[in-house]
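**Q**
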Amino acid sequence: MHDPAAAADPTECVRLKTGTELVPTARARGDAVLASVRGEIDLHNSPELRGALLELLNQKQPKKLILNLSQVPYMDSSAIAVLVETLQKLRKIGGKLYLTHLQPRVKGLLEIARLDTIFVLAATDDDALNK
Amino acid sequence: MRLTASTTRPSPTVAPLLVLTLMLAASASGCFLGGREAPDIKSPDPALKIPAIKTAVQRKDMSVISALVKDLESDDPAVRFYAIHGLQELTGETFGYAYYTDADERQSALRQWQDWLSRSETSVAGGGEPEPMRARTQGPSSPQP
Amino acid sequence: MKFARCGAVWRGVAETSLAEHNTMPDATPTKVHNISLRIQSDAADVPAVRHAVESFYESHGFDKQACEDVGLCVNEALANVIRHAYKEQAGKPIQIDAALSTDGELSIAIRDWGNGVNPDVLPPTRGAIDPLTPGGLGMICLRQMMDSVVFTPQPDGMLLQMWRKNRSPETQTQQARA
Chain A
1 MHDPAAAADP TECVRLKTGT ELVPTARARG DAVLASVRGE IDLHNSPELR GALLELLNQK
61 QPKKLILNLS QVPYMDSSAI AVLVETLQKL RKIGGKLYLT HLQPRVKGLL EIARLDTIFV
121 LAATDDDALN K
Chain B
1001 MRLTASTTRP SPTVAPLLVL TLMLAASASG CFLGGREAPD IKSPDPALKI PAIKTAVQRK
1061 DMSVISALVK DLESDDPAVR FYAIHGLQEL TGETFGYAYY TDADERQSAL RQWQDWLSRS
1121 ETSVAGGGEP EPMRARTQGP SSPQP
Chain C
2001 MKFARCGAVW RGVAETSLAE HNTMPDATPT KVHNISLRIQ SDAADVPAVR HAVESFYESH
2061 GFDKQACEDV GLCVNEALAN VIRHAYKEQA GKPIQIDAAL STDGELSIAI RDWGNGVNPD
2121 VLPPTRGAID PLTPGGLGMI CLRQMMDSVV FTPQPDGMLL QMWRKNRSPE TQTQQARA
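So, in structure tokens, the structure goes:
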């Protein structure tokens, strides 16, 4: 199965468990965690995404959480709220949230809500690692 | 889930009283019916406040600034959203205010807005020039992530 | 449903489908296309409604961006009904009507038979884990993407109506980001 996160990090250090197909892969590299998100995220499954992201923070307390959204064609406000909450928790531990490979519809929603500047947006996972 | 599709033409009959009511309502700002009030920036109801904020900002109505600074304290994130972006459009400033953060995190920026407003109102009351407002084209500061 | 046209915008107190509405005297009746859907209050069924509404407007010539915006608005409105009107209870009815007038204005009506709560005036949840509070960001999306949003309490629930005029791509971007 193609793993977008692996393409950016072929020498991953630690594979992390997520417990959900919404986040099919996650790995730690230094003080960064790279994870892929897959599928449409809305009211029905955003709680599952929330649980997975909070679990990643509990496991690693990363300084960088990089979410590859190349396989996310749609998010609604409940999904965005999960990202905002994840960002808030990361900030408390001095971390930052990076979003990569945003599809236009998702980026547009962030812009509508004036939340596009609160995350660090990057074209690729490598760009996010190097920021 | 049932799905139906149809193409219909409307009935041509309208009660005269309803017509009069609608015409009176149409002449009022916002065209609200069914007993709803007109948009009002001071209303506690976001459904009335938010359209009023949008209209005031479009008209560059600086007299609403005081009300918008008050709305930065709202518990409703939608009200806070429109208040800060109204203030940004009218003054060019944000003082780093982020509508999506919790109350504690908004405090510092909120105090800066309240201080700025006090200075602006004091300057005008004393006969001096109002606090200079940065032009929109100079690029306002963005909320800190 | 009793509607009247105030300028380019429809207003009224609605109890049934958008398909039935009245015109001002001497006005030319407007041909309307519409679809009606009825679902149970299950978040898993919301995507199907969103896709149906998007497809409906796409089939009538709305551009992709507009269809996606309207689809999101329907999604947000239904989420609010499930969360607030029905307090996450399953099996409750929600009626969705989507219509299009020949002058290119779309209109959506969503009717629930819940507790009559208007998400616009919900008291906030203190100390909520979600910093944007339920409904908050959804309401922002509705107000940014639709020209008008009106909640009309019903004797047994709530009616939400939303309108959006057909926009050129340039004005869409300007208005959505204003």
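Residue numbers (the numbering used here), protein chains in the order written: chain A, 1 to 131; chain B, 1001 to 1145; chain C, 2001 to 2178.
Here a beta-carbon is modelled for each residue, glycine too, at the ideal position from N, C-alpha and C.
(1) Ends of the beta strand (DSSP E) at residue 1095/B?
(2) Thinking just about the alpha-carbon of each residue, which of 53/A, 22/A and 55/A is nearest to the one in residue 74/A?
(3) Mapping the DSSP letters down to three states, classify residue 120/A as helix, strand or coil.
(4) Excluding five sequence neighbours on each side, which residues of the same chain lie with their C-beta closer than 6 angstroms to the C-beta of residue 1014/B?
(5) What are the residues of the region 2074–2094 of chain C that lie near chain B, defined by any Cβ-Cβ distance shorter than 7 angstroms?
(6) By the three-class DSSP mapping on this structure, what secondary structure does residue 2153/C have?
(7) Under the three-state reduction of DSSP, which class applies to residue 1106/B: helix, strand or coil?
(8) Which whole-angstrom value describes the C-beta separation of residue 2116/C and residue 2157/C, a residue pair presumed to lie in contact below a C-beta threshold of 8 angstroms?
(9) Could you name the residues of chain A that residue 1081/B contacts, counting a contact when the two beta carbons are closer than 9 angstroms?
(10) Please report the residue range of the alpha helix (DSSP H) in which residue 60/A lies.
(11) By DSSP's criteria, residue 2112/C is part of a beta bridge. Which residues make up the other side?
(12) If you reduce the DSSP assignment to three classes, tell me which class residue 2033/C lands in.
(13) Within the same chain, show all residues whose beta-carbon is closer than 6 angstroms to that of residue 103/A, passing over the 5 residues directly before and after it, in chain order.
(14) With three or more beta-carbon pairs closer than 8 angstroms as the criterion, would you say the region 2107–2115 of chain C touches the region 2077–2086 of chain C?
(15) Can you tell me which of the three DSSP states residue 32/A falls into?
(16) Quick one, are the C-beta atoms of residue 2165/C and residue 2104/C less than 8 angstroms apart?
(17) For the candidate residues 88/A, 54/A and 63/A, whose alpha-carbon lies nearest to that of residue 32/A?
(18) Can you check whether the C-beta of residue 2140/C is within less than 8 angstroms of a C-beta belonging to chain A?
(19) May I ask you to report which of helix, strand or coil DSSP gives residue 74/A?
(20) Between which two residues does the alpha helix (DSSP H) containing residue 1070/B stretch?
(21) I'd like to know if residue 1053/B contacts chain C, where contact means its C-beta is closer than 8 angstroms to some C-beta of that chain.
(22) Below 8 angstroms on the Cβ atoms is my contact criterion, and I expect residue 2101/C with residue 2162/C to pass it. Report the Cβ-Cβ distance as a whole number of Å.
(23) Closer than 8 angstroms by beta-carbon distance: list the chain B residues that pair up with residue 84/A, in chain order.
(24) I need the DSSP call for residue 2057/C, collapsed to helix, strand or coil.
(25) Does any CB atom of chain C fall closer than 8 angstroms to the CB of residue 1039/B?
(26) Does residue 93/A pass the burial test, meaning 16 or more other C-beta atoms within 10 Å, or should it be called exposed?
(27) Is the beta carbon of residue 60/A less than 8 angstroms from the beta carbon of residue 16/A?
(28) So, is the C-beta of residue 2159/C closer than 8 angstroms to a C-beta in chain A?
(29) Can you give me, in chain order, the residues of the region 44–74 of chain A that have a beta carbon less than 7 angstroms from any beta carbon in chain C?
(30) Of all Cβ atoms in chain C, is any one closer than 8 angstroms to the Cβ of residue 1050/B?
(31) Taking 7 angstroms as the limit between beta carbons, can you name the residues of its chain near residue 2119/C, skipping five residues before and five after?
(32) What does the alpha-carbon distance come out to for the pair residue 2036/C and residue 2097/C?
**A** Here's the rundown:
(1) To locate residue 1095/B, count along the second sequence from 1; it is residue 95. Per DSSP, residue 1095/B lies in no beta strand (DSSP E) and is assigned neither H nor E.
(2) Reading the first sequence from its first residue, position 74 is the one you call residue 74/A. That would be 22/A, whose Cα lies nearest to the Cα of residue 74/A.
(3) Here residue 120/A refers to the residue found at position 120 of the first sequence. In the structure shown, the three-state DSSP call for residue 120/A is strand.
(4) By one-based count along the second sequence, residue 1014/B stands at place 14. Note that residue 1014/B scores 45 on pLDDT, short of 50, meaning its location in the model is unreliable; the coordinates nonetheless yield the value given after this. Correct list: empty, nothing qualifies.
(5) Of all residues in the region 2074–2094 of chain C, none has a Cβ within less than 7 angstroms of some Cβ in chain B.
(6) Here residue 2153/C is taken as the residue at index 153 of the third sequence, counted from 1. Residue state, collapsed to three classes: strand.
(7) Within the second sequence, residue 1106/B is the residue found at index 106, counting from 1. In this structure, residue 1106/B counts as helix in the three-state DSSP scheme.
(8) Position 116 of the third sequence holds residue 2116/C. Position 157 of the third sequence holds residue 2157/C. Indeed, because the Cβ distance is near 6 angstroms, the residues count as touching under 8 angstroms.
(9) Looking up residue 1081/B in the second sequence gives position 81. Those within 9 angstroms of residue 1081/B in chain A are 113 and 114.
(10) Walking along the first sequence from the start, residue 60/A turns up at place 60. In the DSSP assignment, residue 60/A falls within the alpha helix (DSSP H) that extends over 46–60.
(11) Here the question's residue 2112/C lines up with position 112 in the third sequence. Bridge partners of residue 2112/C: 2094/C and 2158/C.
(12) Reading the third sequence from its first residue, position 33 is the one you call residue 2033/C. Looking at residue 2033/C - three-state DSSP - the assignment turns out to be strand.
(13) Translated into positions along the first sequence, residue 103/A becomes position 103. Same-chain partners within the cutoff: 73.
(14) With three or more CB-CB distances shorter than 8 angstroms, the region 2107–2115 of chain C counts as touching the region 2077–2086 of chain C.
(15) On the first sequence, residue 32/A is found 32 positions in, with the first residue counted as 1. Residue 32/A carries a strand assignment under DSSP once its states are collapsed to helix, strand and coil.
(16) Taking the first residue of the third sequence as 1, we reach residue 2165/C at position 165. Taking the first residue of the third sequence as 1, we reach residue 2104/C at position 104. Yes, the Cβ-Cβ distance between residue 2165/C and residue 2104/C is below 8 angstroms.
(17) Counted from its first residue, the first sequence places residue 32/A at position 32. Cα-wise, what sits closest to residue 32/A is 63/A.
(18) Working through the third sequence from its first residue, we reach residue 2140/C at position 140. With 8 angstroms as the cut-off, residue 2140/C counts as an interface residue toward chain A.
(19) If you number the first sequence from 1, residue 74/A lands on position 74. Residue 74/A: coil per DSSP, three-state reduction.
(20) Taking the second sequence and counting its residues from 1, one reaches residue 1070/B at position 70. Taken as a continuous stretch (DSSP letters only), the alpha helix (DSSP H) holding residue 1070/B covers 1065–1071.
(21) Taking the first residue of the second sequence as position 1, residue 1053/B is located at position 53. The Cβ of residue 1053/B sits no closer than 8 angstroms to any Cβ of chain C.
(22) Locating residue 2101/C in the third sequence gives position 101, where the first residue counts as 1. Locating residue 2162/C in the third sequence gives position 162, where the first residue counts as 1. Cβ atoms of residue 2101/C and residue 2162/C stay farther apart than 8 angstroms, at about 14 angstroms.
(23) Translated into the one-based positions of the first sequence, residue 84/A becomes position 84. Proximity of chain B to residue 84/A at the Cβ level (cut-off 8 angstroms) is accounted for by 1100, in chain order.
(24) For the purposes of this step, residue 2057/C is identified with residue 57 of the third sequence, where counting begins at 1. Looking at residue 2057/C - three-state DSSP - the assignment turns out to be helix.
(25) Here residue 1039/B refers to the residue found at position 39 of the second sequence. So, not an interface residue.
(26) Here residue 93/A refers to the residue found at position 93 when the first sequence is read from its first residue. Residue burial annotation: residue 93/A is exposed, with fewer than 16 other C-beta atoms found within 10 angstroms of its C-beta.
(27) Position 60 of the first sequence holds residue 60/A. Position 16 of the first sequence holds residue 16/A. Yes.
(28) Position 159 of the third sequence holds residue 2159/C. Taking Cβ atoms only, chain A never reaches closer than 8 angstroms to residue 2159/C, which makes this a no.
(29) Within the region 44–74 of chain A, the qualifying residues are 44.
(30) Within the second sequence, numbered from 1, the residue matching residue 1050/B stands at position 50. For residue 1050/B, the answer is yes, since a Cβ of chain C falls inside 8 angstroms of its Cβ.
(31) By 1-based counting over the third sequence, the position of residue 2119/C is 119. Answer for residue 2119/C: 2080, 2084, 2135 and 2139, listed in chain order.
(32) Numbered from 1 along the third sequence, position 36 holds the residue referred to as residue 2036/C. Numbered from 1 along the third sequence, position 97 holds the residue referred to as residue 2097/C. In a straight line, the C-alpha of residue 2036/C is about 5 angstroms away from that of residue 2097/C.
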